[in-house]
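Worksheet for the structure shown next.
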Amino acid sequence: MFFVNKSHSKKDLINCFKNLEIDLDKNLTKHEIIESLESKIRECKFNDYIKNPTELIEYLKRPTSRQKYNERKKREIMCIAQKIIEWSKNKYSFKIYDNINQPYNDIISI
């Protein structure tokens with residue numbers, strides 16, 4: 162068994178190997194999936210992103226680049242999204258925003 166960084170979720174692993182044309186059993190636990198990976202690496206059809214087994218192993222050792230937000234950040238994003246939705250439901254009225262740059266900046270921030 163080789164090392165897989167703990168930041169990779171079970172879903173990340175399943176999707177990564179799906180891109181390499183290997184189907185992993187979704188009913189297995191993350192630990193069971195990691196144990197089975199060593200035998201699956203030889204069967205992979207590598208692509209432009211991951212070109213060979215060495216690159217795949219290195220990719221799995223590194224932390225995932227996917228951002229994980231804490232609860233506070235999630236709430237901020239939800240509030241901004243709700244404000245944008247309300248703005249659109251009010252026919253883009255400037256009662257919610259003072260100028261056109263504010264909604265643009267909010268949209269870009271999320």
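Numbering (the working numbering), first residue to last: 162 to 271. The beta-carbon is built from N, C-alpha and C at its ideal position, and this holds for glycine as well. Here the structure is a predicted model, which means the values were calculated and not measured.
So R236 is in the alpha helix (DSSP H); what residue range does that whole segment cover?
Element bounds for R236: 232–250.
Quick one: Cα of R203 to Cα of S168, how far?
In this model, R203 and S168 are separated by some 24 Å (Cα to Cα).
Just confirm the distance between the C-beta atoms of I175 and K187, as a whole number of angstroms; I'd bet it's less than 8 Å.
6 Å between Cβ atoms; contact.
With DSSP as the reference, label T190 as helix, strand or coil.
Of the three classes helix, strand and coil, the one that applies to T190 here is coil, per DSSP.
Over the uninterrupted alpha helix (DSSP H) stretch that includes E216, give me the two end residues.
214–222 is the span of the alpha helix (DSSP H), which, as asked, contains E216.
Assigned exposure category for P264 - 16 Cβ within 10 Å defines buried:
By the neighbour-count rule (16 or more Cβ atoms within 10 Å), P264 is buried.
Exposed or buried, F178, counting other C-beta atoms within 10 Å across all chains shown (16 or more means buried)?
Flag for F178 reads buried.
Check whether the Cβ atoms of N213 and L181 sit closer than 8 Å, and answer yes or no.
Not in contact: N213 and L181 (Cβ atoms no closer than 8 Å).
For C205, name the three-state secondary structure that DSSP assigns.
C205: coil per DSSP, three-state reduction.
I257 (DSSP reduced to helix, strand or coil)
In the structure shown, the three-state DSSP call for I257 is coil.
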